[in-house]
Every structure is written in C-alpha cells, then in structure tokens.
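Colleague: Using our numbering, you'd call the opening residue of the sequence shown number 19 and step up by one each time. Every residue, glycine too, gets a C-beta built ideally from N, C-alpha and C. As the structure is a computational prediction, the values presented were derived from the model and not from experiment. Sharing a structure below in structure tokens format, with a few things to ask.
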Amino acid sequence: MSNIRITKQFNFETGHALYGYDGKCKNVHGHSYKLSVTVIGSPITDRSNVKFGMVIDFSDLKKIVKEEIVDQFDHATVFNETTPHIELANELKNRGHHVILVDYQPTSENMVVDFSKRIISRLPAGISLHSLKLQETESSFAEWYASDNQ
C-alpha cells in the first residue's frame, strides 16, 4: 500500500518575548500563528474498520494537536524560564494571565521543535509526523521535517 501524507491546519494566538534579543521582539508581543501538521502513513485497508481508506481520521489528528498545542498555547504568553522574564511571568500569573514557561528561547524555530515532540508522543502506531510549518506572520515561518531530524 502507498504511503499518503495528510495535513491539517490550526490557528492560535500566542504572545512571547525574546530575552536578550537585539530587535523589537525583545518586547512582549503576540502573533496569530498558523500551524500546518502533516502526518504520513498507509490508509487502513480493513473494510470492516469504520476508518477504512483513511491514514488517520482528521478529527483524531485534530484532537491530538488541539490538546497538545492549541488548547495550551492559545491566548497564552510564553517566556523562557531561565531568563529574568521569570519575574514578569510570575507577575502576570499572579494577575490571572495564562503564562507558559519553557526551557528554550520561544522563537518559532524552538516552538516547532517542541510541538513536534508533543505530537509524536501522541500519534498512533503506523502514523509518523512528516512535517510541521509554524507561521508567525504572513511571510515568516519555521518548518520541521522528520527527514531532517533522524
């Protein structure tokens, strides 16, 4: 059977700041992220299976990405926990804001690596993550490919 790639796209709003950066992104700001998730596998050949002909049900892929990424990162502010931004993060948390502390600089590049790990850990047997594309703006994005990370 042929391997087929399927892609589902997601949108979420997230704020961040890049501590130590020498440009505007050192300030707290946000993006309307677009995440494209592409998985690869062989369509189910068992005619008695309700998902016959599918690599993975789009709703199953949506559930994984929604739980691991969208529900966690949407309308959150992400800071590197190993920088002085921890003080700002704690102040925001104390005021009821949704803050995520990560152990990396929250660039699109690092976020897409984090997202790949989260998704891979949840995919069913026989389905592999092929690629991720995280768009920060209409013209700027980071991509992760399994073939580059073997």
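On the premise that Y51 lies in contact with L150, defined as a C-beta separation below 8 Å, what is that separation, rounded to the nearest angstrom?
Modeller: Not confirmed; about 11 Å, so no contact.
Colleague: From D64 to I58, what does the alpha carbon distance come to, in whole angstroms?
Modeller: One Cα belongs to D64, the other to I58, and the distance between them is close to 18 Å.
Colleague: Quick check: what's the CA-CA separation for V130 versus E105?
Modeller: 25 Å
Colleague: Three or more beta-carbon pairs under 8 Å between the stretch 75 to 89 and the stretch 98 to 118, yes or no?
Modeller: no
Colleague: Give the DSSP-derived three-state secondary structure of H103 in the structure shown.
Modeller: helix
Colleague: Please give the ranges of any beta strand (DSSP E) in the stretch 20 to 77, keeping only runs that are unbroken, at least 3 residues long and fully inside the region.
Modeller: 22 to 34 and 47 to 59
Colleague: Within this structure, are the beta carbons of I82 and I137 separated by less than 8 Å?
Modeller: yes
Colleague: Is F97 closer than 8 Å to F30 when the C-beta atoms are compared?
Modeller: No.
Colleague: Thinking just about the alpha-carbon of each residue, which of A94, G114 and R140 is nearest to the one in V120?
Modeller: A94
Colleague: Roughly how many angstroms lie between the CA atoms of G33 and Q27, to the nearest whole one?
Modeller: 20 Å
Colleague: Kindly give me the distance between the Cβ atoms of L53 and T125, rounded to whole angstroms, as I take these residues to be in contact under 8 Å.
Modeller: About 15 Å; that fails the 8 Å criterion.
Colleague: Let's see if you can read the secondary structure: which residues bound the beta strand (DSSP E) around N98?
Modeller: A94 to N98
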